[in-house]
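With the working numbering applied, the sequence shown covers 80 to 469. For each residue, glycine too, the CB sits at the ideal point set by N, CA and C. None of these values were measured; they are calculated from a predicted model.
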Amino acid sequence: MLVSLFAVALASASLATFMGFHIVEDLHQPPWAMSLYAAVATLVTVGANRFCGERIDGGARIARLVSAANALRLLGVVVLVLPHGFPALLVLAAPLLALGNSATSSLYSFGRLYAEREGLDAARYNTRLRTMTSLGWMIGPALAFGAADRWGSAVVFEGGALLCALSLGLGWICLPTGFRKIVALKESGGASQAEDEAPNPALWLAAGACLLFSVSHVLCTAALPLFYVREAGLPTYAPGLSFAVKCFMEVLVILASAPLLRRIGARRCLVLSAGLGILAYGVLAQTRSIPHLVLGAALEGLYYGVFAGVSASFVQGFARGRIGRATSLYMNSLFVGGLMASALLGGLASLFDFRTAILSATGMMAAAAVLLVMTRHLDRQSDLYAAGQA
80 MLVSLFAVAL ASASLATFMG FHIVEDLHQP PWAMSLYAAV ATLVTVGANR FCGERIDGGA
140 RIARLVSAAN ALRLLGVVVL VLPHGFPALL VLAAPLLALG NSATSSLYSF GRLYAEREGL
200 DAARYNTRLR TMTSLGWMIG PALAFGAADR WGSAVVFEGG ALLCALSLGL GWICLPTGFR
260 KIVALKESGG ASQAEDEAPN PALWLAAGAC LLFSVSHVLC TAALPLFYVR EAGLPTYAPG
320 LSFAVKCFME VLVILASAPL LRRIGARRCL VLSAGLGILA YGVLAQTRSI PHLVLGAALE
380 GLYYGVFAGV SASFVQGFAR GRIGRATSLY MNSLFVGGLM ASALLGGLAS LFDFRTAILS
440 ATGMMAAAAV LLVMTRHLDR QSDLYAAGQA
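Shown next as C-alpha cells:
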C-alpha cells in the first residue's frame, strides 16, 4: 500500500510541477494561462475527492476507486504525449489528471481504515503515508526538470505515462480488492443516522485551519525562488539548495511526529507548527546569505514536517465515523489553499515585492492558529482519536 502511494505521489509531483513550464515555454501561452489551468484542475480535484470520500463512507471498494483514478490519470498523460495545443490540455488533459488526483485522498482513507482494522498504531501509519507522499514530491520535480533539460519536454510526459502505468499496476497488485469500510446497518430515522448527518462545525474549522496552513506554505514556497535571486541577490542555485534542505528536514520530522502527537496531542502539535512557521517566515524574509538561507529552510522544514505528519490525523479526529468525507475535505483544503496562494502571490508581488508575500504568510499562519484553538471547545475527543486511542 505504501509502495502504491509512493508511485502515485511520484507521478503526480513530476507532472504537476512541470505543467506551468510546459504551458508557457512549450505551448507559448501567457502566464495567466497557468492560473486558468490551475483553476480547472483544482475544481475538478475537489469534486472528485468529495465523490470518492462519500463512496468510501458508503462502503465502496477502495481499490476500485484508486484504480479508476490511476487509469484516468494515465489517459490524461496520453493526451500530453500526443501532439496537442493548449485547448486540448485545458479541456481533456486537465480534467483527467485532476480526476487522477483523487487516488491520493482514497489511499489516505484506506490507510486509516486499514490501520484501525488491523490494530496498528494509526498515528504512526498516517506518518508513513505522509512520508511516502513527501518523498514522491522530493524526487518527482527533480526528475521532471532534469529529463526536460537533457532530453526535452516530450520525455517528461513519456516518463509520466510510464509512472502512471506503474501506479495502476501496483494498485492492482498491492491493494486488497475487497477492502472497504464496514458500514453499520442503521434504522431509518435512528439516533445514529441523525448523528451521522448532523452539522459538524469542528470538522470544517479543522479543515479551515489546514487551508490557511496551505495558503501560507504555498505563498512562501512560490515566492522564495524569486526573492532569493532578485531581491536577496543570492546565486541561482540558492532556490534548489533551500528546497533540498527544507525537504530533508521535513521528512525527518514527519518520521518523528507520531510520538510527539501521542505526547502532546494533535492540536498542540499544530499550534506549535504555526509558531515555528511564523518564526521561519521571519527568518526567511531577512535572508541575505547562504548560511542564513540554510537556517531559514531548516526552520521551514521543521514547521511543515510537524504539520504534514499530524494534520491528516487531526482532521480525521473530527470524522464522527465518516473517514472518507473527513479525508477528502482535508485533501481539498490543501488543493484550494494552493490555488488561493497562487492568486494572492501575483497580487502581492505586483503591488509590493516578494518579501512582502513571504511576510504576509505569517498572517495566514496566525489565523490558522486561531481556528485551531476554536476547535478545542467543539470536540475534545479529537486528540485521542487522532492518536489512535479512541
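Could you spell out where the alpha helix (DSSP H) holding residue i opens and where it closes?
{"i": "residue 325", "result": "317-343"}
{"i": "residue 108", "result": "Neither: residue 108 is in no alpha helix (DSSP H) and is coded neither H nor E."}
{"i": "residue 228", "result": "201-230"}
{"i": "residue 197", "result": "181-197"}
{"i": "residue 425", "result": "402-430"}
{"i": "residue 64", "result": "Nothing about residue 64 can be read from this structure; the chain reaches only from 80 to 469."}
In the structure shown, what three-state DSSP assignment does residue i receive?
{"i": "residue 164", "result": "coil"}
{"i": "residue 266", "result": "With a pLDDT of only 43 at residue 266, under 50, the local geometry of the prediction cannot be trusted, and the value read off the model is given with reservation. The answer is coil: DSSP assigns residue 266 none of H, G, I, E or B."}
{"i": "residue 445", "result": "helix"}
{"i": "residue 98", "result": "helix"}
{"i": "residue 279", "result": "coil"}
{"i": "residue 355", "result": "helix"}
{"i": "residue 80", "result": "coil"}
{"i": "residue 258", "result": "coil"}
{"i": "residue 142", "result": "helix"}
{"i": "residue 469", "result": "Per-residue confidence for residue 469 stands at a pLDDT of 49, beneath the threshold of 50, marking its modelled position as unreliable; no derived number is given."}
{"i": "residue 366", "result": "coil"}
{"i": "residue 248", "result": "helix"}
{"i": "residue 314", "result": "coil"}
{"i": "residue 238", "result": "helix"}
{"i": "residue 118", "result": "helix"}
{"i": "residue 434", "result": "helix"}
{"i": "residue 455", "result": "coil"}
{"i": "residue 398", "result": "coil"}
{"i": "residue 137", "result": "coil"}
By alpha-carbon positions, which one of the options ends up nearest to residue i?
{"i": "residue 102", "options": "139, 134, 307 and 164", "result": "164"}
{"i": "residue 143", "options": "154, 153 and 131", "result": "131"}
{"i": "residue 470", "options": "321, 217 and 293", "result": "Examination of residue 470 is not possible in this model, given that the chain is present from 80 through 469 alone."}
{"i": "residue 306", "options": "379, 159 and 435", "result": "435"}
{"i": "residue 326", "options": "362, 351, 262 and 219", "result": "219"}
{"i": "residue 91", "options": "438, 145, 176 and 413", "result": "176"}
{"i": "residue 451", "options": "408, 384, 415 and 345", "result": "345"}
Three CB pairs or more closer than 8 Å across the stretch 209-217 and the stretch 114-125: The stretch 209-217, when compared against the stretch 114-125, does not touch it at the 8 Å Cβ threshold.
Three CB pairs or more closer than 8 Å across the stretch 146-166 and the stretch 241-252: Output reads yes: the stretch 241-252 touches the stretch 146-166.
Any 3 or more C-beta pairs closer than 8 Å across the stretch 371-379 and the stretch 411-431: No: fewer than three Cβ pairs fall under 8 Å.
Inter-stretch contact at 8 Å, needing at least 3 Cβ pairs: the stretch 134-148 / the stretch 398-406: Yes: the two stretches touch, three or more of their Cβ pairs being nearer than 8 Å.
Stretch pair the stretch 217-235 + the stretch 356-369: three plus CB contacts closer than 8 Å: The stretch 217-235 and the stretch 356-369 do not touch, with fewer than 3 CB-CB distances between them shorter than 8 Å.
Stretch-stretch touch, CB-based, cutoff 8 Å, three pairs: the stretch 176-189 with the stretch 105-114: They do not touch, by the three-pair rule.
contact_flag[the stretch 380-392, the stretch 336-352] where n(CB pairs < 8 Å) is 3 or more: Segment contact: the stretch 380-392 against the stretch 336-352, three or more CB-CB distances shorter than 8 Å; contact assigned.
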